[in-house]
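Visitor: The structure under discussion is supplied below as structure tokens; questions concerning it will follow.
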Amino acid sequence: MGRIATMSFLLLGMVFFLVTNAYGHNNHEAMLRLQAFKASLTTLHSIASSPLSSFSPSTSPSPLPSQGVKKPRVFLVTSYGADPTGNSDSTEAILAAIAEAANSSSERFLMEGINDLGGVQINLQGGNYIISKPLKLPVAGVGNLMIHGGTIKASNNFPSDEYLIDLSNSRESNKISTSYSYNYEYITLKDLLLDSNFRGGGISVINSLRTNIDNCYITHFTTNGILVQSGHETYIRNSFLGQHITAGGDKGEKNFSGTGINLQGNDNAVTDVVIFSAAIGIMVSGQANIISGVHCYNKASNFGGTGIYLKLPGLTQTRIVNSYMDYTKIVAEDPVQLHISSSFFLGDANIVLKSIKGIANGVSIVDNMFTGLNNGVEIVKLDQSNSPFKQIEQVIVDRNIVKGMNLKATAAKISKQGNGTSWTIDFNKILLFPNLIKHVMYSFSATGNTFPNHALRNMSDNRVVIESNEVVTANVFVTVDQGVVS
């Protein structure tokens with residue numbers, strides 16, 4: 001130790017000499033620099049002189065004083081006794097973590113009556129947890145909270161009509177609140193695998209506002225993978241849902257049941273979601289919802305399945321874009337304001353417009369691709385088993401690309417050449433609605449030196465008749481439209 005001290009003072013002397021010469025013109029500044037350097041060497045000397053045993057690798061720095069330090073806003077469920085191995089029930093432990101997080105004090109508010117918890121997190125720490133009853137927030141009127149990062153599985157005695165995570169203000173989850181207040185706002189469920197163990201559903205969101213369900217894998221449900229009821233703006237994205245874990249061609253596909261996503265509320269979005277097994281992929285019975293980038297290969301239509309079912313007759317207000325219907329169809333009851341575009345339909349998957357009271361208004365089915373199995377399936381089919389469509393306005397089915405299926409449209413063009421005084425052009429193979437042509441345009445090109453008179457004589461039963469006043473060789477080109485507003 002003495003050798004280290006001697007070397008330190010020799011070094012100090014050398015530095016003094018250099019500093020004095022370098023800053024001779026300013027002795028005061030040089031002395032200040034020297035004093036600072038000396039202080040650092042003194043500290044080094046005191047460290048070197050301390051007993052070696054005091055520097056054991058196991059020594060840790062003293063903790064900072066706890067006085068005045070705020071507690072972290074991340075609640076680790078294992079700290080409450082949750083078992084991340086899944087060997088024992090973790091219900092009460094996780095509920096305790098949720099309760100403490102939800103009861104965190106705050107002076108901030110989101111919507112009126114919604115306490116802003118400031119982004120508090122319930123962290124599952126990447127564990128596997130078994131629960132025997134739903135995970136619910138203990139109080140309503142809170143928001144800005146996240147549950148994330150782990151796997152939750154229903155135990156064998158989990159109630160068969162409940163949901164693993166239940167964002168409702170009552171055990172009567174199916175009862176919609178009639179008040180204008182919301183139960184919760186800005187709740188985020190992220191990075192979760194939810195296994196319902198064939199006992200009930202995955203997530204229930206009741207009368208809540210701006211809920212995020214992001215990067216979740218929900219399986220083995222018997223009711224709904226996700227239920228959204230009332231409220232506004234639940235965003236479901238980057239997620240996977242399937243009653244059975246399969247990648248297609250499952251031997252038990254005929255027996256798939258349940259619904260992947262059930263939207264019974266307004267203004268929701270389902271984006272970049274895969275539904276790989278269920279009887280119904282997405283059921284929509286709320287207004288102004290958008291479905292984008294969704295791949296449905298749940299139960300095939302031939303087995304009685306439906307990819308997307310729009311069950312809000314007379315007030316559909318749904319947009320389906322950039323999606324993929326894989327052997328499973330879209331069904332819309334009395335569609336009003338429905339837009340389907342830029343989507344791909346494979347394996348005879350098609351669109352069925354189902355008449356309840358005979359209404360179809362404001363429907364746009366354009367710019368899609370259909371690839372079938374040459375079974376004569378129509379790309380858009382009318383289901384008029386209840387009643388025929390009678391109120392048809394602003395329906396446009398056009399510009400779709402079709403292979404191996406029968407093209408159906410509301411606009412068509414056909415040319416016919418012949419010699420005579422009458423040309424009949426039949427559009428029944430193409431036009432969607434029977435006996436409905438609202439607008440006709442035609443051109444009449446005759447050969448020879450004559451200038452015959454010609455006229456549109458009839459346009460009933462989806463047939464157009466053009467007549468001339470004399471026999472002539474002519475080419476007639478006819479365009480018809482069923483979707484023009486009357």
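What the sequence shown shows, in my numbering, is residues 1 to 486, in sequence order. By construction, the Cβ of each residue, glycine as well, lies at the ideal position given by its N, Cα and C atoms.
(1) Considering Ile152, what are the terminal residues of the alpha helix (DSSP H) in which it resides?
(2) Check whether the segment 470-483 and the segment 403-418 touch, using three or more Cβ-Cβ pairs below 8 Å as the test.
(3) Would you mind working out which of Ala154, Asn255, Leu117 and Gly376 sits nearest Ser90, comparing C-alpha positions?
(4) Excluding the 5 residues flanking Phe389 on each side, which residues of the same chain have their C-beta closer than 8 Å to its C-beta?
(5) Judging by CA-CA distance, which residue of Val380, Gly258 and Ser168 is the nearest neighbour of Arg399?
(6) From which residue to which residue does the alpha helix (DSSP H) around Thr91 run?
(7) Taking 8 Å as the threshold, find out whether the segment 254-269 comes into contact with the segment 222-237 through three or more Cβ pairs.
(8) Could you check what DSSP says for Val77 in three-state terms: helix, strand or coil?
(9) If we call anything under 8 Å between Cβ atoms a contact, is Gly362 one with Gln391?
(10) What is the C-beta distance between Tyr129 and Ala82, in whole angstroms, given that I count them as a contact (C-beta under 8 Å)?
(11) Name, in chain order, the residues that DSSP records as bridge partners for Met369.
(12) When burial is assigned at 16 or more other CB atoms within 10 Å of the CB, is Gln417 buried or exposed?
(13) Give me the residue from Ser323, Tyr327, Gln317 and Thr328 with the minimum Cα distance to His339.
(14) With H, G and I counted as helix, E and B as strand and the rest as coil, what does DSSP make of Gln323?
(15) Whole angstroms are fine: how far does the CA of Asn156 sit from the CA of Thr289?
(16) Using 8 Å as the threshold, is the segment 180-192 in touch with the segment 134-147, meaning 3 or more CB pairs across them?
(17) Fully enclosed by the segment 106-140, which beta strand (DSSP E) runs are 3 residues long or longer?
(18) Would you kindly work out how many angstroms separate the C-alpha atoms of Ser62 and Ser160, rounded to a whole number?
(19) With DSSP as the reference, label Phe240 as helix, strand or coil.
(20) For Asn368, which option in Asn374, Asn386 and Phe345 has the closest C-alpha, if you only look at C-alpha atoms?
(21) Are the CB atoms of Leu124 and Asp494 within a distance shorter than 8 Å?
Guide: In short, the structure shows the following:
(1) First-last for Ile152: Val142 to Ala154, but that is the beta strand (DSSP E), not the alpha helix (DSSP H).
(2) Result yes; three or more Cβ-Cβ pairs closer than 8 Å.
(3) Comparing alpha carbon positions, the residue from Ala154, Asn255, Leu117 and Gly376 closest to Ser90 is Ala154.
(4) Sequence-distant Cβ neighbours of Phe389 in its own chain, meaning closer than 8 Å and more than five residues away, are Leu353, Ser355, Gly358, Ile359, Ala360, Leu382 and Phe433.
(5) Looking from the CA of Arg399, the closest CA among Val380, Gly258 and Ser168 belongs to Val380.
(6) Here the alpha helix (DSSP H) through Thr91 covers Thr91 to Ala102.
(7) The segment 254-269 makes contact with the segment 222-237: 3 or more CB pairs, one atom from each, lie closer than 8 Å.
(8) In the structure shown, Val77 sits in a helix (DSSP, three-state: H, G or I).
(9) Going by beta carbons, Gly362 and Gln391 fall outside the 8 Å limit.
(10) Going by Cβ atoms, the distance from Tyr129 to Ala82 rounds to 6 Å, so yes, they are a contact pair.
(11) Per DSSP, Phe344 and Ile401.
(12) Exposed: under 16 other Cβ atoms inside 10 Å.
(13) When each option's Cα is compared against that of His339, the closest is Gln317.
(14) Just to set this straight, residue 323 is Ser in the shown sequence, not Gln. When DSSP states are grouped into helix, strand and coil, Ser323 belongs to the coil group.
(15) Before going further, note that residue 289 is Asn rather than Thr in the sequence given. Going by the C-alpha atoms only, they are around 35 Å apart.
(16) Taking a cut-off of 8 Å on C-beta distances, the segment 180-192 touches the segment 134-147, as three or more cross pairs fall below it.
(17) As for any beta strand (DSSP E) of minimum length 3 sitting wholly inside the segment 106-140, the runs are 115-123 and 128-131, ordered along the chain.
(18) Model confidence at Ser62 stands at a pLDDT of 40, short of 50, so the residue's coordinates are unreliable; what they give is reported in the following sentence. Roughly 52 Å separates the two Cα atoms.
(19) In the structure shown, Phe240 sits in a strand (DSSP, three-state: E or B).
(20) Closest by alpha carbon: Phe345.
(21) This structure cannot settle anything about residue 494, because the visible part of the chain is limited to 1 through 486.
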